[in-house]
Ligand SMILES: NC(=O)c1ccc[n+]([C@@H]2O[C@H](COP(=O)([O-])OP(=O)(O)OC[C@H]3O[C@@H](n4cnc5c(N)ncnc54)[C@H](O)[C@@H]3O)[C@@H](O)[C@H]2O)c1
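Residue numbers (my numbering): 88 to 420.
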């Protein structure tokens, strides 16, 4: 594999940035990003971290283009750059937003991705790998055993998404496989879950709770915080994607890449309280609108990619907290 040039779509977003930062040591990395802020009421944080990401990547000699992949110019850029690998880490990453505005979700998640695949297909470039970041939301409600315990979701089980976000992510996976089959575009599909860590600014539960800690505020637990998530520290996810980029075992495969343990939201709240003893925790009985999830089964990634995640939620939140401590004075919440 020559793979000397890597193009990251959405490379100024949370996951794309961390990938670009790590890959820049080994490859020539290019980034395309439309700089979309999905959460207007977190604008100050987003603006600060987007500038921070740009500075870090500039220092690492990563070239970035502020551009929307839905524009016709994307194909010209692709033809000019001639990447060996394209990683697609772009699109609306928040399930609630997709439910609130399904038309916007279709445009942002599906149409943009379709344009990327079509641009690749109709250009003269030959890719060694197309990496698509999907989501654990493609599974919908995780299956349960006879005792009602949630079973870890495996890549080969049926995907039954229950919301707009999961449905479009699954549609995109099918499209990737079809382009792989019909047009011989080699691919890898990655399904991450509840990723957290430095510079995240899409108001996920980890960021919200941590900021409550810094503000000595109140953490609110819907449904008593009983819902489980497979929280994944960004460095573990990047390790998994790096392995999937280069391993021959990963060719045309789908991988769950997560920590592999389901943790209750109430446990996350307690971890934050251990870091900030003055934070208050209150519970309510609001029914969660998200699918019932828990751990994903990561055996396939362990076996085929030697993936070995190392960040427990305690360790990851401690590290994330240290980072935020250094930066929070620079933006107002
Ligand atoms: N963060 C998570 O917990 C998580 C979990 C599962 C899957 N994912 C998936 O990973 C991907 C990245 O998520 P993230 O958390 O880094 O989100 P993010 O919002 O931080 O980053 C996405 C980036 O993509 C860019 N973008 C969006 N549409 C674009 C377009 N048309 N052209 C160019 N750039 C565009 C945005 O400007 C943004 O910088 C998403 O596809 C998301 O669905 C994320």
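Every residue, glycine too, gets a C-beta built ideally from N, C-alpha and C.
Where the alpha helix (DSSP H) containing residue i begins and where it ends
i	result
residue 266	251-270
residue 209	199-209
residue 104	101-110
residue 410	400-414
residue 293	292-301
residue 329	321-333
Beta bridge counterpart(s) of residue i as assigned by DSSP
i	result
residue 279	344
residue 383	240
residue 151	118
residue 174	95, 218
residue 140	According to DSSP, which records beta bridges pairwise, residue 140 is partnered with nothing at all.
residue 274	217
residue 316	350
Start and end residues, beta strand (DSSP E) containing residue i
i	result
residue 169	Segment: none, residue 169 is in no beta strand (DSSP E) and carries neither H nor E.
residue 220	216-220
residue 369	367-370
residue 115	115-120
residue 94	92-96
residue 307	305-308
heavy atom of ligand 1 below 6 Å from residue i C-beta
i	result
residue 122	yes
residue 396	no
residue 178	yes
residue 429	In this structure the chain extends from 88 to 420, so residue 429 is not present and cannot be described.
residue 199	yes
residue 250	no
residue 222	yes
residue 157	yes
residue 279	yes
Supposed close pair residue i, residue j - CB separation, criterion 8 Å
i	j	result
residue 322	residue 284	7 Å
residue 168	residue 94	6 Å
residue 99	residue 161	Rounded, the Cβ-Cβ distance is 15 Å, inconsistent with contact.
residue 368	residue 308	6 Å
residue 344	residue 279	6 Å
Exercise. Hey, is the region 297-308 in contact with the region 233-242, meaning 3+ C-beta pairs nearer than 8 Å?
Worked result: Here the region 297-308 makes no contact with the region 233-242; the two share fewer than three CB pairs at distances below 8 Å.
Exercise. Counting Cβ pairs closer than 8 Å, one from the region 194-207 and one from the region 252-270, do we hit at least three?
Worked result: Yes, the region 194-207 is in contact with the region 252-270.
For this session: Kindly confirm or deny that the region 310-318 and the region 344-360 touch, where touching means at least three C-beta pairs closer than 8 Å.
Result: Touching, per the Cβ criterion.
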